[in-house]
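Q: Structure below; questions to follow.
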Amino acid sequence: MQTNTTTRDKTIDFIKGILILFVILGHTTLGLTDMYSFDDTMNGIANVIYSFHMPCFIAVSGFLYSEYVGNASQGIFSRIGHKAFNILLPYVMISVIYWIIKFALSNLIREPIAVSSLISIPWKPIEFLWYLYALFLIYCVAYMADYVFARLLPHFNYKMELLFVLFLIIAFTCYGSFHYVGFNYIAGFQMYFYLGCLIKKWLDKLDNRYAVLSLAVMSVLVEASGIVLQDDISSNPFFSSLFERLTACIVTVFIFAVSYFLSEYCDFPKWVQTIGRDSMPFYAMHVIFVGGIRIILDRAGITNMALQCICGFEGSTAICWILYERIIKKIRFIDFIFYPGKQLHIRK
1 MQTNTTTRDK TIDFIKGILI LFVILGHTTL GLTDMYSFDD TMNGIANVIY SFHMPCFIAV
61 SGFLYSEYVG NASQGIFSRI GHKAFNILLP YVMISVIYWI IKFALSNLIR EPIAVSSLIS
121 IPWKPIEFLW YLYALFLIYC VAYMADYVFA RLLPHFNYKM ELLFVLFLII AFTCYGSFHY
181 VGFNYIAGFQ MYFYLGCLIK KWLDKLDNRY AVLSLAVMSV LVEASGIVLQ DDISSNPFFS
241 SLFERLTACI VTVFIFAVSY FLSEYCDFPK WVQTIGRDSM PFYAMHVIFV GGIRIILDRA
301 GITNMALQCI CGFEGSTAIC WILYERIIKK IRFIDFIFYP GKQLHIRK
């Protein structure tokens, strides 16, 4: 399915925007687990969100990597250096700021942050910021794989398929077994990066919108069959892990397929595209506001779980929007925290 660059960018922004909204909703529900007893419905919603939203985000990076920078024209160290500047530097700056805020508000939160967390930022990410740390390592592995294939198998046409299968096997055999958390991130999530590369390859080979829709329908049918067998699967740790990763892959394929199908018929909401385009600041800031709204509502005696969830989700999204789109974005030295490459005109 061939699409022009503008359409492709808008579709990816829409996908990223939807995923950021899922991330905010997921952290909103997660923050309520210590305050309330979730029923099966709320547990189900939380489990579904956490089964796919970060794997799908990593797949988006793989999709863009394959489309825009998946060549080896630059040297490997130059490519890693660019990613260090665009991902690792924001990770460090955001981590330090987040630590300072949590440390200053330690008397208001349930789990005060330790001083050691600041020292261990280079090798142990603070809470949700693991994603930026992991993404940098995932890119490093991708660049090294490109380097090896370019020299040993320069004409091999199934590199992405081979790497996806390889890291799928690594995920089942090695995830969680490393002392260094970075290796566990690579073992657990590198496969989704190459899934994104494969999705880009598949979508380009589909000739019409109905083929894309068929891909979405097929993914739903496969997932439905897995749900029917879930009770039998869950009794075996291996098959339970397999089902979890299969779910993440299927939902990711479904999101891409449906988004590209819809892109042929309608324009996506501008506000969702904006959130997707500026996903870094929304991701970095929302946790503080989700937690702050929860504390304020709790102190005010508002303990209704549904109301807490709605206010936390909508309130934090709105605050992030106003703060970044109306204020921070216009102040270059603050925007540098999120997008240093953009401010210094260094490509990603």
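Under UniProt numbering, the residue at position 189 of the sequence shown is numbered 189, and the numbers go up by one with no gaps. Glycine is no exception: its CB is placed at the ideal position from the N, C-alpha and C atoms. All of these numbers come straight from a predicted model, not from anything done at the bench.
Could you check how far apart the C-beta atoms of I76 and M160 are, in whole angstroms? I think they sit under 8 angstroms.
A: For this step, residue 76 is matched to residue 76 along the sequence shown. For this step, residue 160 is matched to residue 160 along the sequence shown. About 18 angstroms separates the two Cβ atoms, so there is no contact after all.
Q: Helix, strand or coil, according to DSSP, for F268 in the structure here?
A: For the purposes of this step, residue 268 is identified with residue 268 of the sequence shown, where counting begins at 1. Three-state DSSP puts F268 in coil, outside helix and strand.
Q: Could you tell me if V60 is buried or exposed, where buried requires 16 or more neighbouring beta carbons within 10 angstroms of its beta carbon?
A: To locate residue 60, count along the sequence shown from 1; it is residue 60. So V60 counts as buried.
Q: Roughly how many angstroms lie between the CA atoms of Y260 and W202, to the nearest whole one?
A: What you label residue 260 is simply residue 260 of the sequence shown in a count that begins at 1. What you label residue 202 is simply residue 202 of the sequence shown in a count that begins at 1. Looking at the two C-alpha atoms, the distance is approximately 12 angstroms.
Q: Taking only the alpha-carbon atoms, compute the straight-line gap between F103 and Y133 and give it to the nearest angstrom.
A: Within the sequence shown, numbered from 1, the residue matching residue 103 stands at position 103. Within the sequence shown, numbered from 1, the residue matching residue 133 stands at position 133. Roughly 21 angstroms between the two C-alpha positions.
Q: Going along the chain, which residues of its own chain have a beta-carbon closer than 6 angstroms to the beta-carbon of A46, five neighbours each way excluded?
A: One-based indexing of the sequence shown puts residue 46 at position 46. T29, listed in sequence order.
Q: Which stretch, first to last residue, makes up the alpha helix (DSSP H) that contains Q308?
A: To locate residue 308, count along the sequence shown from 1; it is residue 308. It spans 305 to 321 - the alpha helix (DSSP H) in which Q308 sits, taken as one unbroken run.
Q: Which of the three DSSP states is assigned to H155 in this structure?
A: Stepping through the sequence shown from its first residue, residue 155 is reached at position 155. H155 falls in the coil class under three-state DSSP.
Q: Is the number of C-beta pairs between the stretch 325 to 340 and the stretch 78 to 93 that are closer than 8 angstroms three or more?
A: yes
Q: Assuming S66 and A248 are in contact, meaning their beta carbons sit under 8 angstroms apart, how far apart are those beta carbons, in whole angstroms?
A: For the purposes of this step, residue 66 is taken as the residue at position 66 of the sequence shown. For the purposes of this step, residue 248 is taken as the residue at position 248 of the sequence shown. Actually they are not in contact, since the Cβ atoms of S66 and A248 sit about 19 angstroms apart, beyond 8 angstroms.
Q: As a quick exercise: from A187, V258, A150, pick the residue whose alpha carbon is nearest that of L168.
A: Stepping through the sequence shown from its first residue, residue 168 is reached at position 168. Checked all of A187, V258, A150; the closest Cα to L168 is A187.
Q: Determine contact between the stretch 312 to 321 and the stretch 282 to 297, defined as no fewer than three beta-carbon pairs at a distance below 8 angstroms.
A: yes
Q: Taking 7 angstroms as the threshold (C-beta atoms), are Q343 and K10 in contact?
A: Position 10 of the sequence shown holds residue 10. Position 343 of the sequence shown holds residue 343. Not a contact, by the Cβ cut-off of 7 angstroms.
Q: Give me the residue from L32, L135, A114 with the minimum Cα distance to C56.
A: Mapped onto the sequence shown, residue 56 falls at position 56. The candidate whose alpha carbon is nearest that of C56 is L135.
Q: Using the Cα positions of F238 and T173, report the straight-line distance between them to the nearest angstrom.
A: Here residue 238 refers to the residue found at position 238 of the sequence shown. Here residue 173 refers to the residue found at position 173 of the sequence shown. Approximately 10 angstroms between the Cα atoms of the pair.
Q: Take K16 and list the residues in its own chain whose beta-carbon comes closer than 7 angstroms to its own, dropping the five residues that flank it on each side.
A: Residue 16 sits at position 16 when you count from the first residue of the sequence shown. Counting only Cβ-Cβ distances below 7 angstroms, and skipping sequence neighbours, we find V60, G276, S279.
Q: Between I113 and S106, how many whole angstroms is the CB-CB distance? I'm expecting something under 8 angstroms.
A: Within the sequence shown, numbered from 1, the residue matching residue 113 stands at position 113. Within the sequence shown, numbered from 1, the residue matching residue 106 stands at position 106. So it is a contact: roughly 7 angstroms between Cβ atoms.
Q: Using the Cα positions of Y283 and M54, report the straight-line distance between them to the nearest angstrom.
A: In the sequence shown, the residue the question calls residue 283 occupies position 283. In the sequence shown, the residue the question calls residue 54 occupies position 54. Cα to Cα, the separation comes out at about 11 angstroms.
Q: For the alpha helix (DSSP H) containing G182, name the first residue and the last one.
A: Counted from its first residue, the sequence shown places residue 182 at position 182. G182 -> alpha helix (DSSP H) spans 181 to 205.
Q: Give a yes or no on whether the C-beta atoms belonging to F189 and I24 are separated by under 7 angstroms.
A: In the sequence shown, counting from the first residue as 1, residue 189 sits at position 189. In the sequence shown, counting from the first residue as 1, residue 24 sits at position 24. The Cβ-Cβ distance between F189 and I24 does not fall below 7 angstroms.
Q: What separation, rounded to the nearest whole angstrom, lies between the Cα atoms of I288 and T317?
A: For the purposes of this step, residue 288 is identified with residue 288 of the sequence shown, where counting begins at 1. For the purposes of this step, residue 317 is identified with residue 317 of the sequence shown, where counting begins at 1. Rounded to whole angstroms, I288 to T317 spans 11 angstroms at the Cα level.
Q: Please identify the residue among Y192, G176, V181 whose C-alpha is closest to the C-alpha of L166.
A: As a first step, residue 166 is located in the sequence shown; it is residue number 166 there, counting from the start. Taking only the C-alpha atoms, the option nearest L166 is Y192.
Q: Are the Cβ atoms of Y194 and F243 separated by less than 7 angstroms?
A: Here residue 194 corresponds to residue number 194 of the sequence shown, with the count starting at 1. Here residue 243 corresponds to residue number 243 of the sequence shown, with the count starting at 1. Contact: no.
Q: Using the Cβ count rule (16 or more neighbours within 10 Å means buried), how would you classify F256?
A: Here residue 256 refers to the residue found at position 256 of the sequence shown. Flag for F256 reads buried.
Q: If we ignore side chains and look at the alpha-carbon of each, how far apart do V148 and P154 end up?
A: For the purposes of this step, residue 148 is taken as residue 148 along the sequence shown, with counting starting at 1. For the purposes of this step, residue 154 is taken as residue 154 along the sequence shown, with counting starting at 1. Approximately 9 angstroms between the Cα atoms of the pair.
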